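S.K.: Handing you a structure now.
2 protein chains.
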Amino acid sequence: MAQFPTVGVIGAGQLARMMIAPSIALGVNLKVFAQAQDDSAALNADFVLGNYSRADEVLAFAKNCDVVTFEHELIPQSVIAELEKNGIVVRPRGSSFIFSQNKAELRKKLSEHNLPSPAWQLRSQPLELDFPLIAKSISGGYDGRGVWVIHNEGELKELGESDFLLEEKLNFTSEIAVMVARSPHGQIATWPATETVQSEGICIKTVTPAPSLTHEQHGLAQKLAIEIADVVGLVGVMAVEMFLVDGSFVINELAMRPHNSGHWTIEGSTTSQFEQHLRAVLDLPLGDTAMRAPFAVMGNILGGEKTDMYRPYLHLFARTPHLKIHQYRKTVKPGRKVGHVTAIGNNLDSLHEEVQHAVDYMNGAIDE
Amino acid sequence: MAQFPTVGVIGAGQLARMMIAPSIALGVNLKVFAQAQDDSAALNADFVLGNYSRADEVLAFAKNCDVVTFEHELIPQSVIAELEKNGIVVRPRGSSFIFSQNKAELRKKLSEHNLPSPAWQLRSQPLELDFPLIAKSISGGYDGRGVWVIHNEGELKELGESDFLLEEKLNFTSEIAVMVARSPHGQIATWPATETVQSEGICIKTVTPAPSLTHEQHGLAQKLAIEIADVVGLVGVMAVEMFLVDGSFVINELAMRPHNSGHWTIEGSTTSQFEQHLRAVLDLPLGDTAMRAPFAVMGNILGGEKTDMYRPYLHLFARTPHLKIHQYRKTVKPGRKVGHVTAIGNNLDSLHEEVQHAVDYMNGAIDE
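Line by line, the protein sequences give chains A and B.
The numbering of the first sequence is my numbering, which starts it at 333 and goes up by one.
The numbering of the second sequence is my numbering, which starts it at 333 and goes up by one.
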């Protein structure tokens with residue numbers, strides 16, 4: 333290994349983009365495996381263009397890296413296996429990453445370890461769940477895609493022939509995410525639990541620490557995330573998404589990479605999820621996850637009518653001098669995440685107002 | 333101007349390097365005018381190689397930028413004039429930047445406005461100052477280079493034929509720097525005053541807020557920095573370096589760009605000097621300069637015996653999980669600034685110990 337190692341990231345969206353800043357600070361080389369030269373991260377990092385489904389292309393990229401990691405779940409297990417067979421250091425390993433890619437494998441693993449899932453079954457099995465139920469694509473779903481509420485046999489049939497994961501429909505009081513980091517030799521760190529606010533299946537806002545949790549629940553949520561990190565053999569950071577149901581946690585899904593629910597850590601924590609991911613996959617000691625202020629509110633900028641994402645700075649930065657923005661430099665399309673804003677401080681009501689104003693102004697929902 | 337503007341930086345050292353992270357967050361394009369492809373900033377930003385003394389080369393670079401700014405003082409005034417004549421937006425303007433480049437011009441300007449300088453004269457004028465006195469190169473000196481203590485006529489003669497600035501030798505109690513930002517339409521922001529600790533003319537450590545200042549002196553130092561920013565027509569950020577002499581401030585020099593004494597702002601303030609510089613030269617509203625913790629201590633990593641700047645992370649990050657490091661990716665040479673570390677928090681004694689340990693361990697002065 334040369335003095336400063338090279339981390340290769342499969343994928344070049346905003347998650348890889350936000351790894352660039354900590355990679356520069358640490359002096360670590362970052363290379364991204366992109367699909368297009370205008371991918372978010374390819375605009376600002378060394379990149380190789382290729383198809384993540386082709387083992388030869390990914391392997392050629394990986395051979396120039398000391399460690400390879402992911403920013404999305406789309407790379408096939410067969411490609412990861414090929415990398416590992418060729419001696420590439422892949423973190424997390426394919427045998428761990430499967431739980432981020434395949435919802436059925438995750439449910440089996442959690443059930444084996446008596447970790448809390450909703451009642452679940454595969455669609456291919458005789459139906460035991462009551463309607464209404466939730467049907468999920470076993471792989472590939474995100475941001476509300478690949479998830480359906482099913483009210484009756486007819487709707488179930490409409491899903492088509494392929495297999496699905498079926499789950500009981502929970503009446504949850506809130507959605508919680510805990511970011512957790514684990515290094516190869518097993519050091520683990522978590523951040524305070526985050527409450528995620530969704531609209532039409534897309535996360536629009538996060539609040540940290542999660543206001544709906546008691547102090548005790550907060551500890552339990554973190555404990556659960558740590559247990560799961562160990563059970564799945566996590567290396568890197570991972571979002572553990574949970575539902576709070578009658579005061580107890582039920583695991584929704586995992587994302588074994590930096591995640592939208594951890595964006596607040598860039599400003600809100602001593603160590604961001606992006607720096608922590610680099611530390612973990614490089615087997616460096618993990619950084620302090622303490623918050624820099626009592627509260628952090630993050631709002632996603634979703635594409636709306638407005639297409640100029642720069643000019644709004646003139647108003648927003650004058651109105652809220654402590655607001656921090658992160659642009660992904662993606663073409664604005666309706667509903668697409670094109671950036672986010674974060675505000676941290678002591679007064680949660682003010683932070684909510686500032687973040688809501690900013691995202692509404694950025695996407696054109698309000699004029700001032 | 334395209335949706336996201338392009339900022340061109342003349343120079344590609346660590347100061348330009350540390351502008352990259354905020355440029356990515358803001359979505360702003362950053363281009364650096366480098367001397368070599370392994371310059372600190374050229375390793376991670378779009379760059380053009382060229383000679384900053386050649387107007388044609390700088391102009392060709394500048395024509396692809398919406399605004400051009402500086403990270404060092406070496407570009408000749410004649411080149412800046414050529415840029416301005418060709419309609420390039422240069423910030424700060426050459427007529428302002430001269431006060432960062434030419435110590436005699438600065439002294440004249442400060443004296444005109446009754447701003448506190450030591451007693452001074454040019455060497456070409458009849459000697460009025462008493463020995464010992466300070467002789468300074470009028471331009472080009474930094475990090476202790478270009479400054480001499482002169483005890484007698486003989487030593488003065490040894491300096492040679494070129495002109496020098498001569499100044500009274502002050503008995504100061506501390507060295508203070510105030511970072512100040514100013515935008516083209518005159519919005520100004522300052523950060524808390526910083527105390528700089530020097531060894532052999534090189535800054536080795538900074539402490540913010542400056543511990544040797546009373547609350548009232550703190551306000552006076554900031555007021556002085558604001559006055560000077562207006563007087564010189566600053567656009568961007570500037571370090572105002574001052575001596576504290578018998579409880580009063582005397583201006584030492586200006587650096588009209590991000591500066592070592594402001595590195596603590598990356599972690600220690602809501603808005604870093606690097607983000608603020610981009611905001612100012614783009615005429616965006618300035619960001620909040622509040623501190624994120626009561627104290628911030630920054631230590632420069634000076635090259636020593638150790639040449640591997642990565643392996644020390646294994647010990648340092650385990651010892652001090654909240655320590656933040658910034659690598660410049662420069663070849664280690666004795667005494668050369670190759671990076672810095674920052675620690676912020678409530679306990680100033682701990683921060684001093686942690687930063688001192690880190691810089692000593694990084695450069696090999698101690699083993700653990």
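Idealized CB from N, CA, C, for every residue including glycine.
Predicted model, so just to flag it, every value in this text is computed and none were measured.
So if I threshold CB-CB distances at 8 Å, which residues from the stretch 607–636 of chain B count as touching chain A?
M.R.: R611, L616, P617, L618, G619, D620, A622, R624, A625
S.K.: Spell out a yes or no on whether the stretch 397–408 of chain B and the stretch 687–694 of chain B are touching, meaning 3 or more CB-CB pairs, one atom from each, closer than 8 Å.
M.R.: no
S.K.: Grab the span of the beta strand (DSSP E) containing A:F496 for me, first residue to last.
M.R.: By 1-based counting over the first sequence, the position of residue 496 of chain A is 164. Per DSSP, A:F496 belongs to the beta strand (DSSP E) from 496–500.
S.K.: By a C-beta neighbour count over all protein chains shown, 10 Å radius and 16 as the cutoff for buried, is A:R643 buried or exposed?
M.R.: The sequence position of residue 643 of chain A within the first sequence is 311, counting from 1. Exposed is the label assigned to A:R643, since fewer than 16 other Cβ atoms lie within 10 Å of its Cβ.
S.K.: Starting from the beta carbon of B:A348, find every residue of chain A whose beta carbon is closer than 8 Å, and list them in chain order.
M.R.: In the second sequence, counting from the first residue as 1, residue 348 of chain B sits at position 16. Per Cβ cutoff of 8 Å: no residues; B:A348 is ~11 Å from chain A at best.
S.K.: Below 8 Å CB to CB, which residues in the same chain sit around A:V479 once its five sequence neighbours on both sides are set aside?
M.R.: By 1-based counting over the first sequence, the position of residue 479 of chain A is 147. Taken in chain order, the residues that qualify are I466, A467, K468, S469, G473, G533.
S.K.: Am I right that B:A557 and B:L618 are in contact with their C-beta atoms under 8 Å? What's the rounded C-beta distance?
M.R.: Against the second sequence, residue 557 of chain B aligns to sequence position 225. Against the second sequence, residue 618 of chain B aligns to sequence position 286. Between B:L618 and B:A557 the Cβ distance is about 14 Å, and since that is not below 8 Å, they are no contact.
S.K.: Which of helix, strand or coil does DSSP assign to A:R514?
M.R.: Here residue 514 of chain A refers to the residue found at position 182 of the first sequence. Of the three classes helix, strand and coil, the one that applies to A:R514 here is strand, per DSSP.
S.K.: Could you confirm whether any beta carbon from chain B is found closer than 8 Å to the beta carbon of A:R661?
M.R.: The count along the first sequence starts at 1 and reaches residue 661 of chain A at position 329. Judged by the 8 Å Cβ criterion, A:R661 is in contact with chain B.
S.K.: Between the Cα of B:P464 and those of B:W452, B:L610, B:T526, spot the shortest distance and give me the residue it belongs to.
M.R.: As a first step, residue 464 of chain B is located in the second sequence; it is residue number 132 there, counting from the start. Nearest option by C-alpha distance: B:W452.
S.K.: Count the other CB atoms within 10 Å of the CB of B:E444; is the residue buried (16 or more) or exposed (fewer)?
M.R.: In the second sequence, residue 444 of chain B corresponds to position 112, counting from 1. Taking all protein chains shown into account, B:E444 has fewer than 16 neighbouring C-beta atoms within 10 Å of its C-beta and is therefore exposed.
S.K.: Do we get a CB-CB distance below 8 Å when we pair B:D371 with the residues of chain A?
M.R.: On the second sequence, position 39 is the one that residue 371 of chain B refers to. Not an interface residue.
S.K.: List the residues that DSSP assigns as beta-bridge partners of A:D378.
M.R.: The residue given as residue 378 of chain A occupies position 46 in the first sequence. In DSSP, A:D378 forms a bridge with A:K363.
S.K.: Name, please, each residue of chain A whose Cβ falls closer than 7 Å to the Cβ of B:N376.
M.R.: Indexing the second sequence from 1 puts residue 376 of chain B at position 44. Chain A residues near B:N376: I356.
S.K.: Taking all protein chains shown into account, decide if A:L576 is buried (16 or more other Cβ within 10 angstroms of its Cβ) or exposed.
M.R.: Counting from 1 along the first sequence, the entry for residue 576 of chain A is found at position 244. Answer is buried; the Cβ neighbour count reaches 16.
S.K.: Indicate whether at least one CB of chain A lies closer than 8 Å to the CB of B:P666.
M.R.: The count along the second sequence starts at 1 and reaches residue 666 of chain B at position 334. Chain A, which has no Cβ nearer than 8 Å to the Cβ of B:P666, makes this no.
S.K.: Can you tell me the Cα-Cα spacing of A:F496 and A:A542, whole angstroms?
M.R.: Here residue 496 of chain A refers to the residue found at position 164 when the first sequence is read from its first residue. Here residue 542 of chain A refers to the residue found at position 210 when the first sequence is read from its first residue. Whole-angstrom Cα-Cα distance: 31 Å.
S.K.: By the 10 Å Cβ neighbour count, where 16 or more other Cβ atoms means buried, how is B:M333 classified, buried or exposed?
M.R.: Counting from 1 along the second sequence, the entry for residue 333 of chain B is found at position 1. In this prediction, B:M333 has a pLDDT of 44, which is less than 50 and means its spatial position is unreliable; what the coordinates show is noted afterwards. Exposed, since its Cβ has fewer than 16 Cβ neighbours within 10 Å.
S.K.: For the beta strand (DSSP E) holding A:T522, just list the boundary residues, first then last.
M.R.: The sequence position of residue 522 of chain A within the first sequence is 190, counting from 1. A:T522 -> beta strand (DSSP E) spans 520–522.
S.K.: Which residues bound the beta strand (DSSP E) around A:T538?
M.R.: As a working mapping, residue 538 of chain A is identified with position 206 in the first sequence. Looking at the DSSP string, the run of the beta strand (DSSP E) that includes A:T538 is 534–540.
S.K.: What number of angstroms, rounded off, separates the C-alpha of A:G600 from the C-alpha of A:H517?
M.R.: For this step, residue 600 of chain A is matched to residue 268 along the first sequence. For this step, residue 517 of chain A is matched to residue 185 along the first sequence. Their backbone Cα atoms lie some 27 Å apart in a straight line.
S.K.: Are the beta-carbon atoms of A:A392 and A:D371 separated by less than 8 Å?
M.R.: The count along the first sequence starts at 1 and reaches residue 392 of chain A at position 60. The count along the first sequence starts at 1 and reaches residue 371 of chain A at position 39. Taking 8 Å as the cut-off, the Cβ atoms of A:A392 and A:D371 do not count as close.
S.K.: Below 7 Å on C-beta distance, what does A:H595 contact in chain B?
M.R.: Sequence index remark: in the first sequence, residue 595 of chain A carries index 263 (1-based). Per Cβ cutoff of 7 Å: no residues; A:H595 is ~11 Å from chain B at best.
S.K.: Once the 5 residues before and after B:F336 are set aside, which same chain residues still bring their CB inside 7 Å of it?
M.R.: Taking the second sequence and counting its residues from 1, one reaches residue 336 of chain B at position 4. Excluding sequence neighbours, B:F336 sits near G359, V360, N361.
S.K.: Secondary structure at A:Q605, three-state DSSP: helix, strand or coil?
M.R.: To locate residue 605 of chain A, count along the first sequence from 1; it is residue 273. Three-state result, A:Q605: helix.
S.K.: Any C-beta of chain A sitting closer than 8 Å to the C-beta of B:I657?
M.R.: What you label residue 657 of chain B is simply residue 325 of the second sequence in a count that begins at 1. With 8 Å as the cut-off, B:I657 counts as an interface residue toward chain A.
S.K.: Can you give the beta carbon distance from A:T674 to A:H591, rounded, assuming they're within the 8 Å contact cut?
M.R.: Here residue 674 of chain A is taken as the residue at index 342 of the first sequence, counted from 1. Here residue 591 of chain A is taken as the residue at index 259 of the first sequence, counted from 1. Actually they do not touch by this definition, with Cβ atoms about 15 Å apart.
S.K.: Any beta carbon of chain B sitting closer than 8 Å to that of A:I520?
M.R.: One-based indexing of the first sequence puts residue 520 of chain A at position 188. No, no contact with chain B.
S.K.: Going along chain B, which residues have a C-beta under 9 Å from A:Y645?
M.R.: Here residue 645 of chain A is taken as the residue at index 313 of the first sequence, counted from 1. Under the 9 Å cutoff, chain B gives L358, R611, L614, L616, P617.
S.K.: Using a C-beta cutoff of 8 Å, does A:P653 count as contacting chain B?
M.R.: For this step, residue 653 of chain A is matched to residue 321 along the first sequence. True, the Cβ-Cβ gap to chain B drops below 8 Å.
S.K.: Could you name the residues of chain A that B:Q335 contacts, counting a contact when the two beta carbons are closer than 9 Å?
M.R.: Start at 1 with the first residue of the second sequence, and residue 335 of chain B comes out as number 3. Around B:Q335, the beta-carbon contacts reaching into chain A at under 9 Å are T639, D640, M641, Y642, R643.
S.K.: Step through the CB atoms of chain B and report whether any lies within less than 8 Å of the CB of A:A344.
M.R.: Within the first sequence, residue 344 of chain A is the residue found at index 12, counting from 1. Answer no: the Cβ-Cβ gap between A:A344 and chain B never drops below 8 Å.
S.K.: Any C-beta of chain A within less than 7 Å: which residues of the stretch 533–549 of chain B qualify?
M.R.: none
S.K.: Could you tell me whether the Cβ of A:A697 comes closer than 8 Å to any Cβ of chain B?
M.R.: Along the first sequence, one-based indexing puts residue 697 of chain A at 365. No - not a single Cβ of chain B is within 8 Å of the one on A:A697.
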